[in-house]
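Visitor: Residue numbers (the numbering used here), protein chains in the order written: chain A, 87 to 378; chain B, 5 to 288.
Positions of the beta carbon are idealized from the N, C-alpha and C atoms, including for glycine.
Submitted below is the structure of interest, expressed as structure tokens.
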Amino acid sequence: MKSIKEKIIESILFTCALITVLTTLGIIWVLLSQSYSFFSEVSISEFLTDKEWTPLFSQKHFGIMPLVSGTLLTTLIAICVALPMGLTIAVYLNEYAPKGIRKTVKPILEILAAVPTVVYGFFALVVVTPFLQSIIPGLSGFNALSPGIVMGIMIIPFISSLSEDALAAVPKTLREASYGMGATKLQTSFKVLIPAASSGIIASVILALARAIGETMIVAIAAGQQPRLTFDPTVPVETITTYIVQVSMGDVPHGSLEYKTIFAAGITLFALTFLLNNISFWINKRYQQKYE
Amino acid sequence: MNNLQRNKIRDKAFKYFGVTCTFFGIFILGVFLFGIINDGVSRINWDFLTNLPSYRPKRAGILTAWTGTLWIFGLTAIIAIPLGIAAAIYLEEYGKKSWFANLLEINITNLAGVPSIIYGILGLEIFVRLAGLGGSLLAGSFTLSLLILPVIIVATREALKAVPLTTRTASYALGATKWQTIWNLILPASLSNIITGIILALARAIGETAPLIVIGALAYVPFVAKTPMDEFTVMPIQIFNWISRPQHGFTINAAAAIIILLAFVFVMNGIAVYIRIKAKKKSH
Numbered sequence: 087m088k089s090i091k092e093k094i095i096e097s098i099l100f101t102c103a104l105i106t107v108l109t110t111l112g113i114i115w116v117l118l119s120q121s122y123s124f125f126s127e128v129s130i131s132e133f134l135t136d137k138e139w140t141p142l143f144s145q146k147h148f149g150i151m152p153l154v155s156g157t158l159l160t161t162l163i164a165i166c167v168a169l170p171m172g173l174t175i176a177v178y179l180n181e182y183a184p185k186g187i188r189k190t191v192k193p194i195l196e197i198l199a200a201v202p203t204v205v206y207g208f209f210a211l212v213v214v215t216p217f218l219q220s221i222i223p224g225l226s227g228f229n230a231l232s233p234g235i236v237m238g239i240m241i242i243p244f245i246s247s248l249s250e251d252a253l254a255a256v257p258k259t260l261r262e263a264s265y266g267m268g269a270t271k272l273q274t275s276f277k278v279l280i281p282a283a284s285s286g287i288i289a290s291v292i293l294a295l296a297r298a299i300g301e302t303m304i305v306a307i308a309a310g311q312q313p314r315l316t317f318d319p320t321v322p323v324e325t326i327t328t329y330i331v332q333v334s335m336g337d338v339p340h341g342s343l344e345y346k347t348i349f350a351a352g353i354t355l356f357a358l359t360f361l362l363n364n365i366s367f368w369i370n371k372r373y374q375q376k377y378e
Numbered sequence: 005m006n007n008l009q010r011n012k013i014r015d016k017a018f019k020y021f022g023v024t025c026t027f028f029g030i031f032i033l034g035v036f037l038f039g040i041i042n043d044g045v046s047r048i049n050w051d052f053l054t055n056l057p058s059y060r061p062k063r064a065g066i067l068t069a070w071t072g073t074l075w076i077f078g079l080t081a082i083i084a085i086p087l088g089i090a091a092a093i094y095l096e097e098y099g100k101k102s103w104f105a106n107l108l109e110i111n112i113t114n115l116a117g118v119p120s121i122i123y124g125i126l127g128l129e130i131f132v133r134l135a136g137l138g139g140s141l142l143a144g145s146f147t148l149s150l151l152i153l154p155v156i157i158v159a160t161r162e163a164l165k166a167v168p169l170t171t172r173t174a175s176y177a178l179g180a181t182k183w184q185t186i187w188n189l190i191l192p193a194s195l196s197n198i199i200t201g202i203i204l205a206l207a208r209a210i211g212e213t214a215p216l217i218v219i220g221a222l223a224y225v226p227f228v229a230k231t232p233m234d235e236f237t238v239m240p241i242q243i244f245n246w247i248s249r250p251q252h253g254f255t256i257n258a259a260a261a262i263i264i265l266l267a268f269v270f271v272m273n274g275i276a277v278y279i280r281i282k283a284k285k286k287s288h
């Protein structure tokens, strides 16, 4: 009797765990099936090579590249802010800061990642863009620069926290050997610790990249809705995520080709982030094996 | 100046640079919060909390938005908490070391990295269309539950892992079954850590905007939701809607609504941290 009850409980728990697999399968199935019917009307080569994305206009073009370039541009700006800041914070907390400061600062930095992204969007549009406009004349009201910078601030804790863990995991002997040779903290950090922890740091940066690529509200609010194949950070662009929001808020009829574009855009986004997450996962796993 | 002195100066310089960087993000957040409070706090009054949406900024309120957020919060908690804890117990206590458990683990890591808007697309097809729930509170809560499930599972597993092996072996030695051990000893021992993880996950859910926009949550809902099948709006969507409007009055409204949303999120984070600290003290 006891063992039957145990078995039933185990199978209930198993079913709950199975839901996570069903979620993944659901995502892949939804994206593939809808994109399949999209690609039966639009050729893949047009999707990948056309330089314009205008599915909602009468003159329709279905080239994903303008959306991809918008996404990569804002992401690149975000990383340019977050990488130097995050890495410096990681080195400072790991080598320089007293233990008390490290313990209090880390959770405070995590708050940056807990603020809802719509709030960061407001910040980008209402505070950062007007400020940048006073420095950079000709900066458009919607642009890639302002949301990129704000997104960079948001992802600082991703890089600083994981990089700090990676630096802390470097064996003590390496650090002590370096100090024994008379090296300063700065030299030890940049010539010994960072190279030794490089794979963990790279993994954290890739994770932050994936996060920035998938970020929606900041760019939807402050980057504009004009798909444009450009790397000029001062003009309005549109990201993949913004396009999906734009279609969702309009009244595009269900089942139309315009409607299916969000799945084609979605699968592109999913493929990008999936690839980056797995590279990060793989690098991290190899790195862990090295020191254990 | 010799090499040694130069290196020492560089070392000092970097230290100050590090302090600057560390407090830069926090400083920016502080400046921003101050700005928002300055803009919005005078707009918060009883009418703002109890008025329906309006095209006139001065008369518009957030009644439908905050009640929608409370609905979403409650429904998501009811759906996601039991599922997440059960899945985590299976992974941590039962399914260890099989190829399937390995697959589940990689899968959850991947799900945690899927952009939230993709969950919106999933919810749109599965819950809104296939299950026929429409743009209802229930469809929104199911979507957000799937979104935060990986977060709850990871946090719960960490909490279960922290229970010492001696607790288990002692229980087994007394003849308890596996489930008795889990239910009577392991769950109570890890409860505060589990609750911390769940609160943080729910705080994330109520700040989400993009997936709910995709499943069709509306910006303009002129009534308070009464059942889980009603259409809805939430605070972040209301804020997004107001930000997108050109009139200055709506920007002020957005700032005021942000204050309330942030108060909600920060209080939840604060409670989570408090429980964590208290639990740590108890275990020492």
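1. Going along the segment 224-244 of chain A in order, which residues come within less than 7 Å of chain B, judged by CB to CB distance?
2. Quick check on F27/B: does DSSP put it in helix, strand or coil?
3. Please confirm if A296/A has its CB atom under 7 Å from at least one CB of chain B.
4. Is it buried or exposed for E324/A, if we count other Cβ within 10 angstroms and need 16 for buried?
5. Any heavy atom of the ligand FAD closer than 6 Å to the CB of K285/B?
6. Between E378/A and N106/B, what straight-line distance do the alpha-carbon atoms span, to the nearest angstrom?
7. Does Y182/A have its Cβ less than 7 Å from a Cβ in chain B?
8. Buried or exposed for F356/A, going by 16 or more other Cβ atoms inside 10 Å?
9. Please list, in chain order, the chain A residues whose beta carbon lies closer than 8 Å to that of V158/B.
10. For the pair the segment 240-252 of chain B and the segment 267-276 of chain B, tell me if three or more CB-CB distances fall below 8 Å.
11. Should E250/A and N180/A be called a contact, given that it needs their Cβ atoms to be closer than 7 Å?
12. Determine the closest residue to I287/A out of S232/A, V256/A, G310/A, Q312/A, with distance taken between C-alpha atoms.
13. When you compare the CB positions of F133/A and I114/A, do they come within less than 7 Å of one another, or not?
14. Measure how close the beta-carbons of G156/A and R297/A come, nearest whole angstrom, since I'm counting them as under 8 Å.
15. Does the beta-carbon distance from G127/B to A259/B come in below 7 Å?
16. Relative to the C-alpha of I263/B, which candidate in T101/A, L173/A, F143/A, P202/A has its C-alpha closest?
17. In this structure, does DSSP put E378/A in helix, strand or coil?
18. Closest Cβ-Cβ distance between Y20/B and chain A: below 7 Å?
19. T237/B and T68/B - do their beta-carbons sit closer together than 7 Å?
20. Give the interface partners of D15/B over in chain A, defined as CB-CB distance under 7 Å, in chain order.
21. State the DSSP-derived secondary structure class of E162/B, mapped to helix, strand or coil.
22. Quick one: is E378/A near chain B, going by C-beta distance under 7 Å?
23. Taking Cβ positions only, does N363/A come closer than 7 Å to chain B?
24. Measuring alpha carbon to alpha carbon, tell me which residue in V158/B, I190/B, I157/B is nearest T173/B.
25. May I have the straight-line CA-CA distance separating P86/B from N197/B, to the nearest angstrom?
26. Is the segment 241-250 of chain A touching the segment 332-350 of chain A in the sense that three or more CB pairs, one from each, lie closer than 8 Å?
27. Just the chain A side, please: which residues come within less than 8 Å of V269/B by C-beta, in chain order?
28. Find the nearest neighbour of A252/A within the set E127/A, T274/A, L260/A, S285/A, judged by alpha-carbon distance.
29. Scan the segment 11-98 of chain B and note each continuous alpha helix (DSSP H) run of 4 residues or more that stays entirely inside, going in chain order.
30. Going straight from the alpha carbon of G207/A to that of I163/A, what length do you get?
31. Would you check if there are 3 or more beta carbon pairs closer than 8 Å linking the segment 53-65 of chain B to the segment 111-129 of chain B?
32. Any Cβ of chain A within less than 7 Å of the Cβ of F244/B?
33. Just tell me which of Y98/B, I82/B, R280/B has its CA closest to the CA of A193/B.
34. Answer with yes or no whether the minimum CB distance from T347/A to chain B is below 7 Å.
35. For the segment 317-332 of chain A, which residues have a beta carbon sitting closer than 8 Å to at least one beta carbon of chain B?
36. With DSSP run on the structure shown, which of helix, strand or coil describes F236/B?
Guide: Looking at the atomic coordinates:
1. I239, I242
2. helix
3. yes
4. buried
5. No copy of the ligand FAD occurs in the structure displayed, which carries no ligand at all.
6. Reliability fails at E378/A, whose pLDDT of 49 lies under 50, so the model's placement of it is uncertain and no value is given.
7. yes
8. buried
9. Within chain A, no residue comes near V158/B; the closest Cβ sits about 11 Å away, beyond 8 Å.
10. no
11. yes
12. V256/A
13. no
14. Going by Cβ atoms, the distance from G156/A to R297/A rounds to 17 Å, so no, they are not a contact pair.
15. no
16. P202/A
17. Below a pLDDT of 50, predicted positions are generally treated as unreliable, and E378/A, at 49, falls in that range; the measurement from the model is reported next regardless. Three-state DSSP puts E378/A in coil, outside helix and strand.
18. no
19. yes
20. T270, K271, L272
21. helix
22. Any answer about E378/A is weak, because its pLDDT of 49 lies below 50 and its placement is not dependable; what the coordinates show is given next. Not one chain B Cβ lies under 7 Å of E378/A.
23. yes
24. I190/B
25. 15 Å
26. no
27. A200, V201, P202
28. S285/A
29. 50-54, 67-93
30. 15 Å
31. no
32. yes
33. R280/B
34. no
35. T327, I330, V331
36. coil
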